[in-house]
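Position one of the sequence shown corresponds to residue 574 (this note's numbering), numbered consecutively onward. A virtual CB, placed ideally from N, CA and C, is assigned to each residue, including glycine.
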Amino acid sequence: MGRIDFTSISRDGLAWLESAAFQRERWLLHAFSTRRGGASAKPAAGLNLGFTGRDTRARVETNRRRFLRALGARGYSLASLRQIHSAHVFYVTREASGELKYRPSGLPRGAAVPDGPPAGDALVTDQPGILLTVRVADCLPVLLADPGHRVVAAVHAGWRGALARVISKTAGEMRRLFGSDPRKCLAALGPSIRACCYEVGEEVVETFAGRFARAEIFFRRAAPLTAALEDRYPLLFLSARPPGHEPARRRVAFLDLVAVAREELLDAGFLPRRIHVADFCTACRTDLFFSHRKEGQDTGRLMGVMGIRPEARQGRSARGGRRVLHARQA
């Protein structure tokens, strides 16, 4: 597993997690939010940072302002996507007018999609003052940083996105656009539902087996004795089913999203010692986090955020004229 070295920060009645490795990079601003504090009521009680069906827009906007103020990020432009559990990656820039532009992966830097946040699940930028955001309530938030070229990324990785290799694709875009060397990059994996609680069906196991050579390391098999007994003696289990309903599709394994993310990062060239893991399960710790699996679809949304501090000054790299950002000395 990756190293576990996160700290809890409390300010203005709110609390969030930060990676110690990222804290040492003074040009970075980052955080993984918790539900502590905030203005939202049940079923999204606390610091809900996502626009959900059972919370008001006004409360969510109030929560976001509080969160950004506590982080010291009120002057940042908030970059976000319409998350669809995909492997779509976008490079974000800010125009002189302050408008954000989203450029799809694989296209030249000048190609941008029109009319606001597009559908996708990963963001990359090299510009200060832009706060990349991903919203989660069990999915894995992944933050990436290249200290040498001053590039950051934020990734929303549910099982479908991880299956499509959204994390390794994002690392590839950092390399393509900025020459990032994955061996020198950092990764922080935030709180998510963990293998202790993430039951999935056989179809998920088989789908991963078709995409990853070492897919067996992502799963723990669930209660084989109980499953075998149900197959052999179905009448014993009828009382557990609602009247008139067919048996539900059995969940046969527990998926480890962190293991999938780590495999993608290693495949992309990241070093194990530069992969850092926040050791929290969102489904186990609903006192701290929102969990779609545990609390239902109307629960709130957490946020992973990543940005380059606006006080960073622009410089030039030694090769190819590529722009590099250096933190201003105090």
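Buried or exposed: where does Gly-619 fall if 16 or more other Cβ atoms within 10 Å of its Cβ makes it buried? Residue numbering aside, residue 619 sits at position 46 when the sequence shown is read from its first letter. Buried: at least 16 other Cβ atoms inside 10 Å.
Trp-532 (DSSP reduced to helix, strand or coil): Residue numbering for the chain in the displayed model covers 574 to 903; residue 532 lies beyond these limits and cannot be assessed.
Residue from Val-850, Arg-655, Arg-638 whose Cα sits closest to the Cα of Gly-647: The sequence position of residue 647 within the sequence shown is 74, counting from 1. A quick correction: the sequence has Arg, not Gly, at residue 647. The shortest C-alpha separation from Arg-647 is found at Arg-638.
Pull the bridge partners of Gly-619 from the DSSP assignment, please. Along the sequence shown, one-based indexing puts residue 619 at 46. Note: Gly-619 sits in a beta bridge opposite Ser-613.
Below-8 Å beta-carbon distance, Lys-615 vs any chain D residue: No chain D appears in this structure, which consists of one protein chain only.
Taking the Cβ atom as the reference point for each residue, do His-849 and Ala-760 lie within a distance shorter than 8 Å? Walking along the sequence shown from the start, residue 849 turns up at place 276. Walking along the sequence shown from the start, residue 760 turns up at place 187. Taking 8 Å as the Cβ cut-off, His-849 and Ala-760 qualify as a contacting pair.
Give the list of continuous alpha helix (DSSP H) stretches no shorter than 4 residues that lie fully inside the region 677-764. 732-736, 739-751
Own chain partners of Ala-691 with C-beta closer than 6 Å, once the 5 adjacent residues on each side are dropped: If you number the sequence shown from 1, residue 691 lands on position 118. Rather than Ala, the amino acid found at residue 691 in this sequence is Pro. Tyr-675.
If we count Cβ pairs, one from each stretch, closer than 8 Å, do we get three or more for the region 777-791 versus the region 862-878? no
Any idea what DSSP makes of Phe-579, helix, strand or coil? Translated into the one-based positions of the sequence shown, residue 579 becomes position 6. Looking at Phe-579 - three-state DSSP - the assignment turns out to be strand.
Take the Cβ of Gly-586 as the centre, count every other Cβ of all protein chains shown within 10 Å, and call the residue buried at 16 or more, exposed below. As a working mapping, residue 586 is identified with position 13 in the sequence shown. Flag for Gly-586 reads exposed.
Less than 8 Å between C-beta atoms, sequence neighbours within five positions excluded: which residues of the same chain meet that for Pro-815? In the sequence shown, the residue the question calls residue 815 occupies position 242. Note that Pro-815 scores 44 on pLDDT, short of 50, meaning its location in the model is unreliable and no value can be drawn from it.
Along the chain, where does the alpha helix (DSSP H) that runs through Ala-834 open and close? The residue given as residue 834 occupies position 261 in the sequence shown. Segment 830-841, the alpha helix (DSSP H) holding Ala-834.
Val-660, buried or exposed, once every other Cβ within 10 Å from all chains shown has been counted against 16: Here residue 660 refers to the residue found at position 87 when the sequence shown is read from its first residue. The sequence shown places Ala at residue 660, not Val. Buried: at least 16 other Cβ atoms inside 10 Å.
Measuring CB to CB, does Pro-764 end up less than 8 Å from Phe-640? For the purposes of this step, residue 764 is taken as residue 191 along the sequence shown, with counting starting at 1. For the purposes of this step, residue 640 is taken as residue 67 along the sequence shown, with counting starting at 1. For Pro-764 and Phe-640, no; Cβs fall outside 8 Å.
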